[in-house]
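Down below is the structure, laid out as structure tokens.
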Amino acid sequence: MDLKILVASLKPYWIPADSIYLPIQVGAIGKDPIENFLRDDSGQNISEKNQFYSELSGLYWAWKNLDCEYLGLCHYRRYFGHRSFSRDPEKLRRSILNREEIEKLLDSNDLILPRSRNYFIETIRSQYIHAHSERDLIQVENILAEKYPEYLSSFEKVMNRRRVHLWNMFIMPKILADEYCAWLFDILFTYEHWMDQKNLIDEKRRLFGYISERLLDVWLCSKNLKAAEVDVVMLERVNWTKKIFSFLGRKFQSRR
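For the sequence shown, the working numbering gives the first residue as 2, with consecutive numbering after it.
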């Protein structure tokens, strides 16, 4: 199986030795190269937009420049793997899926996704509004209505769910990834064309990365595809206390 999984990173970092993993320096334009990493500023690219698109600048590069049978995307600190509660770095690294395990999953599934996150007390729409901006969802829905009306019912279904696949992570046939990317980037570029980026500050600049997490589920909702959901191995500790207080803060602020 001709399988390539991009590992998006802004900095030098440990990378699995398995040859299926291709580290790529995202936002590489104008920066010193990272040894043994691909760069997202060669060929057709949007490297200069990385501050708004995050790991998607790497995905765009792969869509336009990488020839393979199966394409995947993960992050330098997030990989598909086996659930592990250990904080030992070596044990965590050993829990990352290898070629054989991924090929076995793809033998009986159309694609691989991270296990979905359940927000329990709110829908995907309300969570996005609290965390980001309702304007994004309104404009994306308007773009779908104008350019892809056949996806509107899927958009509504996803927005009313409580589960979502995060991090823009997937592994799927390249032919499917190409179809997805053509649809996704057309929507994002249309949104970008009219918005005022000068008003974006801090992590809100990464809004296209956040929007695309929801759009992946919209695209999948409209397809008859069988997906294997796999745990995500986090190589760095998650500050859950900070995340919970941030979540509660957004909920409180939205009601003021």
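A virtual CB, placed ideally from N, CA and C, is assigned to each residue, including glycine. In this text the structure is predicted, and so the values were computed from the model without any measurement.
query, result
"Supposed contact pair ALA146 and TRP64 - C-beta distance, whole angstroms, cut 8 Å", "Actually they are not in contact, since the Cβ atoms of TRP64 and ALA146 sit about 25 Å apart, beyond 8 Å."
"Per-residue DSSP class, three states only, for LYS5", "strand"
"Endpoints, the beta strand (DSSP E) within which ILE130 is located", "ILE130 -> not in any beta strand (DSSP E); alpha helix (DSSP H) instead, spanning 125-132."
"Bridge partner(s) assigned by DSSP for ASP232", "GLY82"
"Euclidean distance between Cα positions of ARG79 and PHE171", "12 Å"
"Those residues which DSSP pairs with MET173 across a bridge", "LEU72"
"Distance between PHE186 and GLU123 (C-alpha atoms, nearest Å)", "28 Å"
"Distance, TYR61 Cα to LEU258 Cα", "Residue 258 lies beyond the stretch modelled for the chain, which goes from 2 to 257, so this question has no answer here."
"Those residues which DSSP pairs with PRO13 across a bridge", "Answer is none; PRO13 lacks a bridge partner."
"Pairwise C-alpha distance: ASN143 and ASP19", "43 Å"
"Buried or exposed by the 16-neighbour rule on C-beta atoms within 10 Å, applied to ARG40", "buried"
"Cβ pair TYR77, SER10 closer than 8 Å", "yes"
"Distance CB(ASP111)-CB(LEU226) smaller than 8 Å", "yes"
"LEU72 versus MET196 - alpha carbon distance", "31 Å"
"Enclosing beta strand (DSSP E) for LEU60 [first to last residue]", "It is not in any beta strand (DSSP E) - LEU60 instead sits in the alpha helix (DSSP H) that spans 57-66."
"Beta-carbon separation (whole angstroms), ARG206 vs LEU167, contact threshold 8 Å", "That pair is no contact at about 18 Å."
"Inter-residue Cα distance where the pair is SER48 and ILE188", "18 Å"
"Supposed contact pair ASP137 and LEU212 - C-beta distance, whole angstroms, cut 8 Å", "It should be noted that the sequence gives Ile, not Leu, for residue 212. Contact holds; Cβ gap of about 6 Å."
"Buried versus exposed, by CB contacts within 10 Å (16 or more), ILE139", "exposed"
"Residue-level contact to chain C via CB, TRP64, 8 Å cutoff", "In the structure shown, chain C cannot be found, because there is only a single protein chain."
"CA-to-CA distance, CYS182 to LEU74, given in whole angstroms", "12 Å"
"Terminal residues of the beta strand (DSSP E) in which TYR22 lies", "22-26"
"Residues that ARG40 bridges to, as DSSP identifies them", "GLN26"
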